[in-house]
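Numbering (this note's numbering), first residue to last: 112 to 1093.
Glycine included, C-beta positions come from ideal geometry on N, C-alpha and C.
Scroll down for the structure; my scribbles are underneath it.
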Amino acid sequence: MEPTPEQSPHHAYPDHWEADVVLRDGGTARIRPITTDDAERLVSFYEQVSDESKYYRFFAPYPRLSDRDVHRFTHHDYVDRVGLAVTIGGEFIGTVRYDRIDDTGRPASAPADEAEVAFLVQDAHQGRGVASALLEHIAAVARERGIRRFAAEVLPANNKMIKVFRDGGYTQRRSFEDGSVHLTLDLEPTEKSLAVQRGREQRAEARSVQRLLAPGSVAVIGAGRNHGGVGRTVLRNLLAAGFTGRTYAVNRAFDEGLATLDGVPAHRSLGEIDEQVDLAVIAVPAHRVPEAVADCGEHGVQGLVVLSAGYAERGADGRELQRELVRQARSYGMRIIGPNAFGIINTAESVRLNASLAPESPARGRIGLFTQSGAIGIALLSGLHRRGAGLSSFISAGNRADVSGNDFLQYSFEDPDTDVALLYLESLGNPRKFTRLARRTAAVKPVVVVKGARHSGSTPPGHAVPVSRIPDATVSALMRQAGVIRVDTVTEMVDAGLLLAGQPLPAGPRVAILGNSESLGLLTYDACLAEGLRPRPPIDLTTAASPQDFRDALAEALADGTCDAVIVTAIPWVGENGEAETGDGQVLAEALTRAVAGGSAKPVAVVHVEIGGLAEALAAASSTAAPRPRTVTSAARTRAATTATTTQTTTTGTPAAPATTTGTGTPAAPEATTAPATPDATTAPEAAPRPGRIPAYPAAERAVRALAEAVKYAQWRRQAAVPGKVPEFLDDTIDEAGAAALIEAQLSTAPDPRGRPLTHDEARELLGRYGVDVRPTLPAPDPEAAVDAAARLGYPVALKTTAPHLRHRADLGGVRLDLADEEALRRAYGDLTDLLGKPAELLPVVQAMAPRGVDTVVRASIDAAAGAVLSFGLAGAPSELLGDTAHRLVPATDRDAAELIRSIRAAPVLFGWRGSAPVDTAALEELLLRLSRLVDDHPEVVSVALEPVVVAPQGLTVLGASVRLAPPPARNDLGPRRLPNY
């Protein structure tokens, strides 16, 4: 919407204030600035507001707006006077306005930093969170325009509006004056206001997905009379699944006399249906979709599943069609799954929805599944079905133009029917938000992710997402930091999902192995070692072992306090006649299930070879087995607590980062882990007891890999229960204001929006403000200057080239160390120039020698999509050649810093590998925390590289530093709630 000539040319229409939002009930609405073209909309809106709401707004009976009122409320300068409207279907349902005022309450202009604010919401839409959304957006607008406080006068009886202000989380003051409540809100975001905002976001987005998955009625638009079409297939799948709601077939090509199709009412349009339709499945050609969407919007449909193809996957023209589809649907308050979707499934007994192309609805289970690929969705549904696993819900989002994996995480977080969330993702539209949501969800239930299209430039053509420069290895590390179980293949995702959905989490890495095949036991033992587990020697029951022998051995292992998990290996056993009995596995499955039912809460997995029907029998047994307890026995609890207090060591000999336990040695229950996980944590309902299904695997490596993921996830859960912190001592040694002044001064001299790199001295000064001391260097353009520099710095010294092609390349001869006197320095200078070129090309410098230690590299950079990332590795080949680098999101806590230096493969070098002296890792952790604070406090610092950082047994020395400043990229995770527009 464009500004009219009456509006100030100095303040053009601020289209960046426009936003789509999800309301409390899951419907969508659009927030935008009010313009002079809105006069008729405003009058119509006001006519639909009750007299009581008008009285609350104007403190007097006010039946209609005068022409002067309409002019005032539609003419804004977008600086001192701003009005926003919430619209659905193009019509207003709520408005908010602020007017800048001075200390006396009279109209003012900047630099006055206070404004009077007032809201009005249509009665039919009150209770949907409209005013709360408007408060978030008008506050953001006000801050952008230099306003720091809102003042509001509210009648004491207007409890709803008082509650909106009270619950916003902003710092506020209240007083009672002249018969009204006077409220003053400080608009600076607080930890509480951000938590409130994110809590509302979670509930609204979860509700929007829940409305799609649990409709009371479904219309299939495009269900044809001929068999085999997409629409007709979905209709039949709906009926075959036993959908509990009402179903309709809609097709404008139906004959007027056609009353039913496949036994359900048939209509030519939604307008012919007398009842409310909650969900529409659209299966018509792309050029007819806008007509269908308009029909849905006009008749109150709440959500859409668009199966139609021909959108962004077809190129630029299709991408624009897709954007228009989303705009059209959201204008009516509807969310979309798709386009180019495969469909959705909800197996809840009260719903039984199969609005997909899957011919058979999966069994009811505890796994929630989200995919961005129909083909992968088919494969996953088939694989889970073959292994007897059930689902709670399934969404195949296709081009995921609207509903995304983030929305699915919001839903899964509070869904009591889902114990494990599986996601196949080909793109991350908002990586920062995904990481935040995944961390919160993983604190109460496992999140397993396969990331397809992992390599740069391979994003699927149907997915329009922000470009991220960070490599896939970094994405994987950041997912791990958030508690996400990242696996490489959909097979591994199913393997892990089956174990996590059916078994309790292990209290540690100790594994008991038992079975009737020594060879299979040894394969399992080797696989455990390869995955970093601690297996006990396999127990060979011999090939003559009976199912009762298996039961007895498993029961004994479950009761043994020296193991945390059990893997059972089985091959066909030998019968009385000496021949192998393949059997159907039913007897063995029953024996194992009975042993598990009477044992302690430890995970059990089965590796089997050619035992017919075993996997199916184990899956079937879960329907009759008693639920597995989630707590350990008192004896095991005591042993686990004792174990947790001992020093942890990884398989590489690297001391583990500090960890905490709940006192039981098992991950904390959801109540204990939810609150500390993130500042915006929302209490999730307690998950239902797990059914105790024992997963079966055809190969030892697959079972062990799934168990290893469960072990790592359980450890993360224990640590997430007590989050890390930023040490307070940093505040006393950091000059944030001084650093800000330096940054402002440097950027003011660089009008280039790409920013500028700092010189060595400028970088030293900036880093010094945060307590990071960089060892000085002095230029040496000739031998005499080198000698003078060495005299100033003191021998011994190092002579280095700083030319870009030779920097940090000691292997090329560009660095000469331990030069003890002038003679050695002159000789090294001559050798250097003879070998590599003239001083003007080499740019040599002299630097005092640092104590011997381990050369490391510390980096921080800001990615527009993922945010600020802190990285660490050993300098040289380990990080550059082998990619042995660890990453964490900023801001980093003390635990993050400790884990960062311990998570690289070469970490043993820092801790006394092969008898060497351990280095000062505490100093290294402090350096990481200081750098994290710098880039978190000042987003203009877009990249920092400290290389090398020599870590000695006592202290460390930063020998080189490069810093780049630039205007910070816009952040979409700190502003008011809004749906993305791709």
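Inset, instruction - Mind checking which residues open and close the alpha helix (DSSP H) that includes S472? - result: Position 361 of the sequence shown, counted from the first residue, corresponds to residue 472. Neither: S472 is in no alpha helix (DSSP H) and is coded neither H nor E.
Inset, instruction - Quick one: give me the first and last residue of the beta strand (DSSP E) that I393 is part of. - result: By 1-based counting over the sequence shown, the position of residue 393 is 282. 390 to 393 is the span of the beta strand (DSSP E), which, as asked, contains I393.
Legend entry - the stretch 866 to 873 / the stretch 1065 to 1078 touching (three or more Cβ pairs under 8 Å): Yes, the stretch 866 to 873 is in contact with the stretch 1065 to 1078.
Inset, instruction - Given a cut-off of 9 Å, decide if A351 and G342 are closer than it, judged by their beta-carbon atoms. - result: To locate residue 342, count along the sequence shown from 1; it is residue 231. To locate residue 351, count along the sequence shown from 1; it is residue 240. No, these two residues do not count as a Cβ contact at 9 Å.
Legend entry - Alpha carbon of W128 to alpha carbon of R543, nearest angstrom: Along the sequence shown, one-based indexing puts residue 128 at 17. Along the sequence shown, one-based indexing puts residue 543 at 432. Whole-angstrom Cα-Cα distance: 21 Å.
Legend entry - Alpha carbon of D191 to alpha carbon of D210, nearest angstrom: On the sequence shown, position 80 is the one that residue 191 refers to. On the sequence shown, position 99 is the one that residue 210 refers to. Going from the Cα of D191 to the Cα of D210 covers about 6 Å.
Inset, instruction - Could you tell me how far apart the beta carbons of L231 and G205 are, in whole angstroms, since I believe they sit closer than 8 Å? - result: Residue 231 sits at position 120 when you count from the first residue of the sequence shown. Residue 205 sits at position 94 when you count from the first residue of the sequence shown. About 7 Å; that satisfies the 8 Å criterion.
Inset, instruction - Pick helix, strand or coil for S419, following the three-state DSSP scheme. - result: As a working note, residue 419 is residue 308 in the sequence shown. Note: S419 maps to coil in three-state DSSP.
Inset, instruction - Return the chain-ordered list of same chain residues with a C-beta closer than 8 Å to the C-beta of L195, the five sequence neighbours on each side being excluded. - result: Residue mapping note: residue 195 aligns to position 84 of the sequence shown, counting from 1. In chain order, W128, I142, R143, P144, I145, T206, V207, R208, L245, H248, I249, V252 place their CB closer than 8 Å to the CB of L195, counting only its own chain and leaving out the 5 sequence neighbours on each side.
Inset, instruction - Using alpha carbons as the reference points, say which of R336, E933, I273, Q233 lies closest to H378. - result: Within the sequence shown, residue 378 is the residue found at index 267, counting from 1. Minimum Cα-Cα distance from H378 among the listed residues R336, E933, I273, Q233 corresponds to R336.
Legend entry - Chain-order list of residues whose beta-carbon lies under 7 Å from that of V154 (same chain, five-residue window excluded): Position 43 of the sequence shown holds residue 154. Setting aside the 5 residues that flank it on each side, V154 is surrounded in the same chain by L176, V181, each with a C-beta closer than 7 Å to its C-beta; the list follows chain order.
Inset, instruction - Return yes when the Cβ of G509 is within less than 9 Å of the Cβ of L418, no when it is not. - result: As a working mapping, residue 418 is identified with position 307 in the sequence shown. As a working mapping, residue 509 is identified with position 398 in the sequence shown. Cβ distance < 9 Å, so L418 and G509 count as in contact.
Inset, instruction - Could you have a look at G849 and say whether DSSP puts it in helix, strand or coil? - result: Within the sequence shown, numbered from 1, the residue matching residue 849 stands at position 738. Of the three classes helix, strand and coil, the one that applies to G849 here is helix, per DSSP.
Legend entry - Member of D932, G924, A959 whose CA lies at the smallest distance from the CA of D942: The residue you call residue 942 lines up with position 831 of the sequence shown. Considering only D932, G924, A959, the residue with the shortest C-alpha distance to D942 is G924.
Inset, instruction - Run the CB neighbour count on S286, radius 10 Å, all protein chains shown included, and call it buried at 16 or more, exposed below. - result: As a position in the sequence shown, residue 286 is number 175, starting the count at 1. Exposed is the call here.
Legend entry - Residue nearest to V968 in terms of C-alpha spacing, selected from P962, G1026, F983, M960: As a position in the sequence shown, residue 968 is number 857, starting the count at 1. Residue F983 is the option with its Cα nearest to V968.
Inset, instruction - Please say whether V1060 and L1076 have beta carbons closer to each other than 9 Å? - result: Position 965 of the sequence shown, counted from the first residue, corresponds to residue 1076. Position 949 of the sequence shown, counted from the first residue, corresponds to residue 1060. For the 9 Å CB-CB criterion, L1076 and V1060 do not form a contact.
Legend entry - Which residues DSSP lists as bridging V1060, in chain order: Counting from one through the sequence shown, the residue named residue 1060 turns up at place 949. DSSP output for V1060 lists T967, V1069 as bridge partner(s).
Inset, instruction - Tell me whether T600 is buried or exposed, calling it buried when 16 or more other Cβ atoms sit within 10 Å of its Cβ. - result: Here residue 600 refers to the residue found at position 489 of the sequence shown. Classification of T600: exposed, given that the 10 Å Cβ count is below 16.
Inset, instruction - Below 6 Å CB to CB, which residues in the same chain sit around R357 once its five sequence neighbours on both sides are set aside? - result: Mapped onto the sequence shown, residue 357 falls at position 246. Setting aside the 5 residues that flank it on each side, R357 is surrounded in the same chain by S328, each with a C-beta closer than 6 Å to its C-beta; the list follows chain order.
Legend entry - With 16 other Cβ atoms within 10 Å as the buried cut-off, status of E299: Counting from one through the sequence shown, the residue named residue 299 turns up at place 188. Of the other Cβ atoms in all chains shown, fewer than 16 fall within 10 Å of the Cβ of E299; this residue is therefore exposed.
Legend entry - DSSP three-state assignment for Y167, whether helix, strand or coil: Taking the sequence shown and counting its residues from 1, one reaches residue 167 at position 56. Correct three-state label for Y167: helix.
Inset, instruction - Thinking T673 and V815 are a contact (beta carbons under 8 Å), I'd like their distance in whole angstroms, please. - result: As a working note, residue 673 is residue 562 in the sequence shown. As a working note, residue 815 is residue 704 in the sequence shown. Between V815 and T673 the Cβ distance is about 19 Å, and since that is not below 8 Å, they are no contact.
Legend entry - Residue range of the unbroken alpha helix (DSSP H) whose run includes E255: Along the sequence shown, read from residue 1 onward, the residue named residue 255 stands at position 144. For E255, the uninterrupted alpha helix (DSSP H) segment begins and ends at 241 to 255.
Legend entry - Uninterrupted beta strand (DSSP E) stretches inside the stretch 166 to 207 (no shorter than 3 residues): DSSP runs (the beta strand (DSSP E)) wholly in the stretch 166 to 207: 192 to 199.
Legend entry - For G240 and L381, believed in contact at Cβ under 8 Å, the rounded distance: Position 270 of the sequence shown holds residue 381. Position 129 of the sequence shown holds residue 240. No, L381 and G240 are not in contact; Cβ-Cβ is about 27 Å, not under 8 Å.
Inset, instruction - Specify the secondary structure class of R1041 as computed by DSSP and reduced to three states. - result: Translated into the one-based positions of the sequence shown, residue 1041 becomes position 930. Collapsing the DSSP output to three states places R1041 in a helix.
Legend entry - First and last residue of the uninterrupted beta strand (DSSP E) at V228: Counted from its first residue, the sequence shown places residue 228 at position 117. Where V228 is concerned, the enclosing beta strand (DSSP E) stretches over 225 to 232.
Inset, instruction - Count the other CB atoms, across all protein chains shown, that sit within 10 Å of the CB of L946; report buried if there are 16 or more and exposed otherwise. - result: If you number the sequence shown from 1, residue 946 lands on position 835. Flag for L946 reads exposed.
Legend entry - Whole-angstrom distance between A549 and A391, CA atom to CA atom: Residue mapping note: residue 391 aligns to position 280 of the sequence shown, counting from 1. Residue mapping note: residue 549 aligns to position 438 of the sequence shown, counting from 1. Roughly 29 Å between the two C-alpha positions.
Legend entry - Endpoints, beta strand (DSSP E) assigned at Y636: For the purposes of this step, residue 636 is taken as the residue at position 525 of the sequence shown. Where Y636 is concerned, there is no enclosing beta strand (DSSP E), although the alpha helix (DSSP H) it sits in stretches over 629 to 641.
Inset, instruction - Taking all protein chains shown into account, decide if K556 is buried (16 or more other Cβ within 10 angstroms of its Cβ) or exposed. - result: Your numbering for residue 556 matches position 445 in the sequence shown. K556 is buried by the Cβ-count criterion.
Inset, instruction - Compute the distance between the beta-carbons of A896 and V908, then report whether it is under 9 Å. - result: Locating residue 896 in the sequence shown gives position 785, counting from the first residue. Locating residue 908 in the sequence shown gives position 797, counting from the first residue. In this structure, the beta-carbon distance from A896 to V908 does not fall below 9 Å.
Legend entry - Segment limits, beta strand (DSSP E) that includes Q413: Within the sequence shown, the letter at position 302 stands for residue 413. In this chain, Q413 is not harboured by any beta strand (DSSP E), its DSSP state being neither H nor E.
Inset, instruction - Hey, could you find the ends of the alpha helix (DSSP H) I1012 is sitting in? - result: For the purposes of this step, residue 1012 is taken as residue 901 along the sequence shown, with counting starting at 1. Going by DSSP, I1012 is part of the alpha helix (DSSP H) stretching over 1005 to 1013.
Legend entry - Spatial distance of G429 from R511 (CA atoms): Mapped onto the sequence shown, residue 429 falls at position 318. Mapped onto the sequence shown, residue 511 falls at position 400. Spanning the alpha carbons of G429 and R511 requires a straight line of approximately 14 Å.
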